[in-house]
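One structure is given here, and the rest of the page talks about it.
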Amino acid sequence: MIVAVLAGGRGSRLGGAKPTAVLGGEPLLARVLRAASGFEPVVVAKRDTVLPPLDVPVWIEPDEPFHPLTGLVTALERGPCVAVACDQPWVTGELLSALMAARAVASVNGEYDPFPGYYDPAQLPVLREALTEEAGLRRTLARLAPPRLDVDPQLVASVNTPEALAAAERRLSRAVLERLDAREAQP
């Protein structure tokens, strides 16, 4: 199954290219690709998107419009996929597998969270129409009404502002310290 990592956004809220923003010493995109490594990962990006060195295919989406649906439509033109944003560094392979198995979109507290999610080419007419209208993702999902898979909100958290990146660094540092403490506590 293809896992399409959407990386075509401007990154204006973050203040730079999301795919190359560094978290824990590595690009955000690398963290998401690692979660997708057990599948068929591809990156979907605009022609001029700044990307770190990659060893996966890059599918080029149209330059306009700047909308997350642009990358999703580009991926679906090649077949069904699980789509995930490049700024979701906490996504796991297990979550991607669960979404594939359920053919579902992530849901947090009963509300759709568009990414990650399983999407099918049969949804293309509605997605293309929404793209033309520049409709919001959640409104479009409500119209499509795909199955939902309730997930831990931390797994689908996005890093899309400098504050979110700083918070992610703190979270990662805490996790590393907790692992070190656990190792030291073992006899």
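Under UniProt numbering, the letters of the sequence shown match residues 1 to 187, in that order.
Note that the Cβ used here is the ideal one computed from N, Cα and C, for glycine as well.
Helix, strand or coil at residue i according to DSSP, with G and I counted as helix
i	result
LEU54	coil
VAL91	coil
ARG78	coil
GLY71	helix
SER107	strand
PRO114	strand
ALA17	coil
Exposure label - residue i; buried when at least 16 CB within 10 Å
i	result
PRO89	buried
PRO65	exposed
THR49	buried
GLN186	exposed
GLY25	exposed
ALA17	buried
ASP113	buried
Residue range of the alpha helix (DSSP H) that includes residue i
i	result
ARG10	Unbroken run through ARG10: none, as it is neither H nor E.
PRO126	The sequence shown places Val at residue 126, not Pro. Where VAL126 is concerned, the enclosing alpha helix (DSSP H) stretches over 124-133.
ALA35	28-35
Bounding residues of the beta strand (DSSP E) (the contiguous stretch that carries residue i)
i	result
ALA45	40-45
Own chain, CB closer than 8 Å to residue i, minus 5 neighbours either side, in chain order
i	result
PRO27	PRO19, THR20, ALA21 and PRO52
ARG78	ILE2 and TRP59
LEU131	PRO65, HIS67, LEU69, THR70 and VAL73
Neighbourhood of residue i by C-beta distance below 6 Å, restricted to the same chain and skipping five residues each side
i	result
VAL151	ALA106
PRO146	VAL105
Same chain only: Cβ atoms within 7 Å of residue i, ignoring 5 sequence neighbours per side
i	result
ARG31	LEU23 and PRO89
VAL108	VAL151, PRO153 and VAL156
LEU72	LEU6, ALA83, TYR119 and LEU127
GLY8	VAL44, ALA45, LYS46, THR49, GLU61, THR70 and GLY71
ARG10	PHE66
ASP87	LYS18, LEU28, SER158, VAL159 and ASN160
LEU141	VAL105, TYR112 and PRO114
VAL56	LEU33, PRO41, VAL42 and VAL43
MET100	MET1, VAL82 and TYR118
Residue i Cβ short of 7 Å to the ligand HEM heavy atom set
i	result
GLU184	By its list of ligands, the structure shown contains no ligand whatsoever, and the ligand HEM lies outside what it can speak to.
Exercise for the section: Just list the beta strand (DSSP E) runs in the segment 144-186, keeping only unbroken ones of 3 residues or longer that don't cross its boundaries, in chain order. Expected result: Taking only runs of at least 3 residues, the beta strand (DSSP E) segments lying wholly in the segment 144-186 are 148-150.
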